[in-house]
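**Q** In this note's numbering, the protein residues as written are 14 to 125.
(1) Can you tell me which of 57, 101, 100, 33 puts its alpha carbon nearest to the alpha carbon of residue 109?
(2) In angstroms with no decimal places, state the Cα-to-Cα distance between residue 118 and residue 94.
(3) Return the CA-CA distance between residue 99 and residue 91, expressed in angstroms with no decimal places.
(4) Over the uninterrupted beta strand (DSSP E) stretch that includes residue 92, give me the two end residues.
(5) Nearest to residue 102 by CA position, among 59, 113, 124, 111, is which residue?
(6) Using a Cβ-Cβ cutoff of less than 8 Å, which residues in the same chain neighbour residue 89 once the five nearest sequence positions on both sides are dropped?
(7) How is residue 116 classed by DSSP in three states: helix, strand or coil?
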């Protein structure tokens, strides 16, 4: 006994299943691309932050002067006693507010 139309139904079901699979793969690729782009932007922002801190340090080395720039946050002024000498310093922090672990501290020696 022959079933008429069953082959056409099976082909349509196979096409639908294949289409759903392709859409899932396309969705996964789109999600991966978004995560990669977000990661790239975060990396660029972190690198710019570290460049600011390193540029400050390079200026201090070359010119023996300078104060941390605008992305730096002033933390405190303090002093430490080593032997019979007192060293005064200020502490500054570079960081991205929305990312943990992106902090870099700079200690600037103050003239006494």
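The beta-carbon is built from N, C-alpha and C at its ideal position, and this holds for glycine as well.
**A** Taking the definition as stated:
(1) 57
(2) 21 Å
(3) 10 Å
(4) 85-95
(5) 124
(6) 103, 104
(7) coil
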